[in-house]
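A.B. asks: Take a look at this one; I'll ask things after.
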Ligand SMILES: [Zn+2]
Ligand SMILES: [Zn+2]
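In the working numbering, the protein residues as written are 1 to 251.
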């Protein structure tokens, strides 16, 4: 499978980084993980139609991870996109209420026309979507925050997405033996903010979970000019990659 970074940034607008968004593509389907600001335009740049993803899975409800859900649903009403297959929206328990809130605000503009919209509140999982298995693991950020593990049953390869989180066992579990760990690294070592990871902490969790490769992402402005790579290297011996928007990684 392939993982494409659609947004390596945060809530703070950045000239080169959009808010959080990732696309996992495999032989038989594709899943969006978070749909933050800038995600839809990145898909357009890649020439990937909004009719392609089978699902959009949300790690939590903060706006830097969900802001383009309503625009996605609104765009899908345009017949030229030609979406007919089911779109599944996944989130932690409580996600349905979030979607209902959008419906109260936008009415029919966020309702499907020619396709079916399914809302899946994932407990532990797994759920089968687009040929992938998807697991959710509660993590330490907001009461409804989860990390995801996406596995391709055809070859057993797996990718773990931390979403936003502080150090917690849920993330160790989500990334256990994963071929790629996509971990947030919001603030540099020495500038720890509760509810988020530093590069050192991300490296430590990747080591404990024995993830094979680590991609650091979700960089707040405090990370600029810091040696994120070295801070992480002190705690993790495997391959470390730093996310940029539109980076593609084969797994
Ligand atoms: Zn965030
Ligand atoms: Zn958050």
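For every residue, glycine included, the Cβ atom is placed at its ideal position computed from N, Cα and C. Here the structure is a predicted model, which is why all the values come from computation and not from measurement.
From which residue to which residue does the beta strand (DSSP E) around residue 128 run?
C.D. replies: Residues 127-129.
A.B. asks: In the DSSP assignment, find the alpha helix (DSSP H) that holds residue 228 and state where it starts and stops.
C.D. replies: Start and end: 228-233.
A.B. asks: Based on the DSSP secondary-structure assignment, which residues constitute the bridge partners of residue 213?
C.D. replies: Per DSSP, 239.
A.B. asks: Which partner residues of residue 158 appear in the DSSP bridge assignment?
C.D. replies: According to DSSP, which records beta bridges pairwise, residue 158 is partnered with 151.
A.B. asks: Using 8 Å for Cβ pairs, my map puts residue 88 next to residue 115. What's the rounded Cβ distance?
C.D. replies: Incorrect: roughly 11 Å between the Cβ atoms, too far for contact.
A.B. asks: Since I believe residue 1 is in contact with residue 251 (beta carbons under 8 Å), could you give me their beta-carbon distance rounded to a whole number of angstroms?
C.D. replies: About 5 Å separates the two Cβ atoms, so the contact holds.
A.B. asks: Compute the beta-carbon to beta-carbon distance between residue 7 and residue 42, rounded to the nearest angstrom, for a pair I have assumed lies under 8 Å.
C.D. replies: Confirmed, Cβ separation roughly 7 Å.
A.B. asks: For residue 133, which beta-bridge partners are listed by DSSP?
C.D. replies: According to DSSP, which records beta bridges pairwise, residue 133 is partnered with 128, 151.
A.B. asks: What is the rounded straight-line gap between the Cα of residue 11 and the Cα of residue 51?
C.D. replies: Each residue's alpha carbon lies about 27 Å from the other.
A.B. asks: Please state if the CB of residue 202 and the CB of residue 178 are separated by a distance shorter than 9 Å.
C.D. replies: Contact: no.
A.B. asks: Between which residues of its own chain and residue 64 is the CB-CB distance below 8 Å, once the five residues before and five after are set aside?
C.D. replies: Result list for residue 64: 9, 10, 11, 19, 20, 36, 37, in chain order.
A.B. asks: Among the residues of its own chain, which have a CB less than 8 Å from the CB of residue 118, if the five just before and after it don't count?
C.D. replies: Same-chain partners within the cutoff: 86, 87, 88, 89.
A.B. asks: Measure the CB-CB distance between residue 134 and residue 55 and report whether it falls below 9 Å.
C.D. replies: Cβ distance < 9 Å, so residue 134 and residue 55 count as in contact.
A.B. asks: Does the beta-carbon distance from residue 182 to residue 217 come in below 9 Å?
C.D. replies: Yes, Cβ-Cβ distance for residue 182 and residue 217 is below 9 Å.
A.B. asks: For ligand 3, enumerate in chain order all residues having a CB closer than 6 Å to any of its heavy atoms.
C.D. replies: No copy of ligand 3 occurs in the structure displayed; its ligands are ligand 1 and ligand 2 alone.
A.B. asks: Given this structure, state the Cα-to-Cα distance separating residue 151 from residue 208, to the nearest angstrom.
C.D. replies: The alpha-carbon atoms of residue 151 and residue 208 are separated by roughly 20 Å.
A.B. asks: Confirm the yes/no value for this check: CB of residue 198, any heavy atom of ligand 1, distance under 8 Å.
C.D. replies: It does not: the Cβ of residue 198 is nowhere closer than 8 Å to a heavy atom of ligand 1.
A.B. asks: In three-state DSSP terms, what is residue 199?
C.D. replies: Helix, per DSSP.
A.B. asks: By alpha-carbon positions, which one of 200, 70, 167 ends up nearest to residue 138?
C.D. replies: Of the candidates 200, 70, 167, the one whose C-alpha sits nearest the C-alpha of residue 138 is 167.
A.B. asks: Is DSSP giving residue 187 helix, strand or coil here?
C.D. replies: Correct three-state label for residue 187: coil.
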